[in-house]
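One structure is given below, encoded as structure tokens.
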Amino acid sequence: MSPSTITNRAASVRARLLNLSREHDIDFNRILLLYAQERFLYRLSRSKLKANLILKGGILFYIRDGLSARPTRDIDFLGLKVPNAPDDFAPYLREILAVESDDGLEFDIENLSVERIVVDAKYEGLRIKLRARLEQAVIPFQIDVGFGDVIVPRPVKLDFPILLAEERFKIPAYSWESVVAEKLEAIVRFGALTSRMKDFYDLAFLLRDRKLSKQNLERAIFGTFRNRGTSLEAAVELLSDRSFSKEISWRAFLRKNRLQSSESFADVMEVISSRLKPILLNM
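Under numbering that gives the first Met the number 0, the residues of the sequence shown are numbered 0 to 282, in order.
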């Protein structure tokens, strides 16, 4: 493909994305980030490594709810049978980025960085920082890869939403039951007073969905808590405790993320407790 063709394609894509941001009244930078994330995941889905990086984290809510989902800046994965050392992982990443796609996007393969991090204050993982370019727009984004967790019952294949009329694709991802289990475990491990508001928000959001399998929830919670060495009894105690309040932090979280909700933090805890406490007491 000639440089002029690539340039024209990028300009066309940028113009269509700008129209999309105006149509939905969404910040253009968020649309650009979503497009870069989408096209990275497309390349992953067409690579030999698609079964080795299992999608998790906030972007799953974008798959479920599209542009109305809570914004997230990162892509999170569980790494399976891939090296967890930065220098050894980088070639795998470059292999993904080398997959060709006529989407107007160019990834800066030579200047990406891979560093070791601690995930959720407990597990070692990798953080990748890279940049994509769409015409003159530079789009930085981040990928976190964790290791050592379990997915119960197994990864699922999800259709990833497409911003423009591109080829559709599926991506291996966490089951929703495993998402619930990990978020509950994080709240218990960090403690109610220091846990992240997004975990409470996401838990309540998911638990309103009656399509979640009770049996798979039990298996996912048991497997996740056992794998991470966290007490199930502590989860019951947390969900029974009504002595703490995080209403100020809750309202600040909603404002910061431009989320519309009339629920109080107490309402959110009631949703979480009413759905999960009976399951925990039965384990």
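Note that the Cβ used here is the ideal one computed from N, Cα and C, for glycine as well.
| Item | Value |
| --- | --- |
| Sequence-distant residues of the same chain with beta carbon closer than 6 Å to Ser194, five excluded per side | Ile186 |
| C-beta atoms of Ile170 and Leu157 nearer than 7 Å | yes |
| Proximity to Gly222 [Cα-Cα], best of Ser263, Phe159 and Asp148 | Asp148 |
| Span separating the alpha-carbon of Ala203 from that of Phe264 | 10 Å |
| Distance, Ala89 Cα to Leu111 Cα | 8 Å |
| Where Asp198 sits in the DSSP three-state scheme | helix |
| Cut-off 6 Å between Cβ atoms - residues of its own chain near Met0, not counting five sequence neighbours on either side | In this predicted model, Met0 has a pLDDT of only 48, less than 50, meaning its place in the structure is not dependable; the value taken from the coordinates is given anyway. Correct list: empty, nothing qualifies. |
| Residue nearest to Ile62 in terms of C-alpha spacing, selected from Arg250, Pro277, Phe159 and Val270 | Phe159 |
| For Val289, three-class secondary structure by DSSP | Nothing can be reported for residue 289, as the shown portion of the chain is limited to 0 through 282. |
| Host beta strand (DSSP E) of Leu48 (start-end) | Run containing Leu48: none; DSSP gives neither H nor E here. |
| C-beta contact flag for Val144 and Gly78 at 7 Å | yes |
| Option nearest Val81 by Cα separation, candidates Ala50, Ile58, Glu105 and Ala68 | Ala50 |
| Per-residue burial, Met282 [other beta carbons within 10 Å of its own, 16 or more giving buried] | exposed |
| Collapsed DSSP secondary structure at Met0 in the structure displayed | Any reading at Met0 needs caution, since the residue's pLDDT is 48, under 50, leaving its predicted position unreliable; the model's value is listed next. Reduced to three states, the DSSP call for Met0 is coil. |
| Given 8 Å, three or more beta-carbon pairs between the segment 208-216 and the segment 239-259 | no |
| Between the CA atoms of Lys128 and Pro139 - distance to the nearest angstrom | 7 Å |
| Secondary structure, beta strand (DSSP E): runs of 3+ residues fully inside the segment 68-114 | 73-78 and 104-106 |
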